[in-house]
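Chains as they are written, first to last, in my numbering: chain A, 711 to 821; chain B, 183 to 294.
Backbone N, C-alpha and C fix where the C-beta goes; we use that ideal spot for every residue, glycine too.
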């Protein structure tokens, strides 16, 4: 599995935007970039995914570099409920391929 | 549409007993994944199943652990002769083909 690199931790203030970076310099052409998050005492939750183009949904935006070697998850207005570990994962879009979780980024949101 | 249901939420077993963890996938999902999260550690893939078939068990310990996903009923992760090192949170996820995974809230196993 191709590897991703994320900062161990980040802090943000409530109602401010948050940009969570991820490096994936060995990404292959068939790898999709997935983001999940895990709130305390809960299972992981899907956030967003993309291949080449930037993506938006109700939870977040995903900005993908032109060379696809890095990406950024953007939370437009952080809330206290966004405090979680955020995982950037590369996944081959073959049927049923597994997710390989790294250490992720622990996001702290200050009131 | 109910999410992925795991039960029990908490399970306590003595060393040497068996633990059976159940996972009911979301309606229409034929792919099931099991993950383990040891205290203060990350999520580790264990096994991936489709109905009645094990597709990838590369993360399963070689002994004492087994998983099934029968044609009818929930997926079961079975741990025989549990040891203290098996204490962890076990998460199940389901998905339709080629789609993001939906996770349950886990079963927290404590071995005393």
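Between the CA atoms of residue 223 of chain B and residue 270 of chain B - distance to the nearest angstrom: Across the structure, residue 270 of chain B and residue 223 of chain B are spaced so that their CA atoms are roughly 10 angstroms apart.
Under 7 angstroms by beta carbon: chain B residues contacting residue 783 of chain A: Contact annotation for residue 783 of chain A against chain B: no contact, minimum CB-CB distance about 14 angstroms [criterion: below 7 angstroms].
Residue from B:228, B:218, B:278 and B:280 with nearest C-alpha to residue 287 of chain B: Out of B:228, B:218, B:278 and B:280, B:218 has the C-alpha closest to the C-alpha of residue 287 of chain B.
For residue 195 of chain B, the three-state DSSP class (helix, strand or coil): In the three-state DSSP reduction, residue 195 of chain B falls in the strand class (E or B).
Spatial distance of residue 187 of chain B from residue 211 of chain B (CA atoms): Counting only the Cα atoms, residue 211 of chain B lies some 13 angstroms from residue 187 of chain B.
Listed by chain order, chain B residues near residue 810 of chain A by CB distance under 8 angstroms: Neighbours of residue 810 of chain A in chain B, taken as residues whose beta carbon is under 8 angstroms from its own, are 227 in chain order.
In chain order, each beta strand (DSSP E) run of at least 3 residues that lies wholly inside the stretch 210-286 of chain B: Within the stretch 210-286 of chain B, the complete beta strand (DSSP E) runs of at least 3 residues are 213-219, 225-232, 235-238, 247-250, 257-261 and 270-277.
Residue 783 of chain A in three-state terms, based on DSSP: Residue 783 of chain A falls in the strand class under three-state DSSP.
Which of helix, strand or coil DSSP assigns to residue 791 of chain A: In the displayed model, residue 791 of chain A falls within a helix according to three-state DSSP.
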